[in-house]
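Take a look at the structure below.
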Amino acid sequence: MTLYDGRVVSASSAGASRPGAVGRAFWWRLTDNLFRRLGLFAIPILAMGAIGVTQALNTTALYKTSATLRASTNPLLPEQSVSGADARLWETPAAATSRLISDQLSTNAFLTAVAEEAGLGPAIESGVVDLEVLRVSVWSSSSGDSLLSVNATWADPQTSYELVGATIDQWDRFLAETVASDASEAEQFWSERLDALEVERLAAEDELADYLADQPELVGDESYPADVQLRIGRLSGNIETIEAQIRTTEAEIDKAVLTRSQQTAEAGQSFNVVDEPRVPTAPESTLISQAMLVLSFLLMGAVIAVAALLLTTVLDQSVSSAADLGNIAGIAQVAIVPPVAMAARGRRGKRRGRPRHVAAGAN
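Numbering (this note's numbering), first residue to last: 1 to 363.
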């Protein structure tokens, strides 16, 4: 017989634990560990909950501004159907427009232009306001086949209003520039061509003037020799050719300007503001966000507590029940001695004895 942790056990080389004994022992130890150290395991939950409450109380109330737009057509997707039942895209004009606005808001150039128009340019440049904070504060969403909304939240109601208006203005400008980009490029090309032709005409006129200056002065009905007249005719014809090219180039420029104006006007008509943005008079309710914040911190504390419970249970190798004997190799349980009340001389009352576990095995 061997005394182990105040209990009588006996070593056995033939005894084998019953199926499931190890699993039952672990769960018993886990439950025992939980109730014996319940206060310790509650500390991380209470601590994280307190942090969550503190963070929730410091939550800033935000003002929200929204504007509703109607996108009847999308000039960037000319084949887009109004119903959205397009097998190629399966996207309504409102959804396509909302997606394109969101794509532009994800770029620093577009967002910086919005911030500058809304009066946040100096704050962005000085680092007082981070561009990522502004990015999550402005967004677009569709609410039907043709309706979409542009939204913004900010701690200042006026800034929230300005952000929505700036986003719509910048989108209108981007749309016009994108749709009329081909015509703008054509206008730029022909303008550069016109400048080159003007230089060529001046050079041709100077060449003709220099050539005539080198010729002797004619008297009376005298005329230049045939070769001189041929050269003068060739130089004059060169000037006329250049002038014809200039007239053609100017016509192309006028055509490109007209096309750009038409496309810009069509782009401006592709959407219209149904509900204008307004300066909010009251902040958005923060009750739900505060509750979610506290709940998230409580869950973090619960995860920490569960991890601590599992870790301490695994590391605890003491024998606290009969089921723990199944984890010791070569030990077979025979019987459990129940608690017995024993009289003690010189002491008052009765003392309850701890249960003793007796195991027997072959010597």
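Where is the CB? At the ideal position from N, CA and C, for every residue including glycine.
Check	Outcome
Of the residues Thr178, Gly121, Ile124 and Leu131, the one placed nearest Thr107, counting alpha carbons only	Leu131
Buried or exposed (CB count within 10 angstroms, at least 16 for buried), Gly220	exposed
Closest residue to Pro277 among Thr60, Thr167 and Phe35 (Cα-Cα distance)	Thr167
C-beta contact flag for Tyr161 and Thr65 at 8 Å	yes
As assigned by DSSP and simplified to three states, the class of Ala152	strand
Proximal residues to Tyr224 (C-beta, below 8 Å), its chain only, five neighbours per side dropped	Gln215, Leu218 and Ile232
N-terminal and C-terminal residue of the beta strand (DSSP E) that Asn108 is part of	Taken as a continuous stretch (DSSP letters only), Asn108 belongs to no beta strand (DSSP E), being part of the alpha helix (DSSP H) at Asn108 to Glu117.
Bridge partners - Ser66, DSSP secondary structure assignment	Asn151
Limits of the unbroken alpha helix (DSSP H) element including Asp145	First-last for Asp145: undefined, no H or E at that position.
Beta-bridge pairing of Ser191 - partner residues as DSSP gives them	Bridge partners of Ser191: none, in fact.
Same chain only: Cβ atoms within 6 Å of Arg201, ignoring 5 sequence neighbours per side	Ile242
Bridge-paired residues (DSSP) for Val273	Leu69
Burial state of Thr31 (16 or more Cβ within 10 Å)	exposed
When Thr112, Ala123 and Val128 are compared against Val138, the one with the closest alpha-carbon	Thr112
The alpha helix (DSSP H) enclosing Ser137, as first and last residue numbers	Premise fails: Ser137 is in no alpha helix (DSSP H) and is neither H nor E.
At least 3 beta-carbon pairs within less than 8 Å: the region 298-308 vs the region 26-46	yes
Reduced DSSP category for Leu120 - H, G, I as helix; E, B as strand; rest coil	coil
Residue from Phe189, Thr286, Ala213 and Val273 with nearest C-alpha to Thr249	Phe189
For Val279, the three-state DSSP class (helix, strand or coil)	coil
Rounded distance between the beta-carbons of Pro283 and Ala61, thought under 8 Å	4 Å
Any beta strand (DSSP E) of 3 or more consecutive residues that is wholly inside the region 163-223	none
Reduced DSSP secondary structure (H/G/I, E/B, other) of Arg36	helix
Whether Ser146 touches Ser140 by CB criterion (8 Å)	no
Among Gly52, Arg99, Phe297 and Phe110, nearest to Gln170 - alpha-carbon criterion	Phe110
Minimum C-alpha distance to Ile101 - residue among Leu40, Leu175 and Phe297	Leu175
Extent of the continuous alpha helix (DSSP H) run through Val303	Leu287 to Leu315
Per-residue DSSP class, three states only, for Met48	helix
Between the CA atoms of Thr312 and Thr54 - distance to the nearest angstrom	30 Å
For Pro93, the first and last residue of its enclosing alpha helix (DSSP H)	Pro93 to Leu105
Reduced DSSP category for Asp130 - H, G, I as helix; E, B as strand; rest coil	coil
Sub-8 Å separation of Ala152 and Val164 beta-carbons	yes
Three-state class that DSSP yields for Thr60 in the structure shown	coil
Residues near Asn33 in its chain [Cβ-Cβ closer than 8 Å; skip 5 each side]	Leu309, Thr312, Thr313 and Asp316
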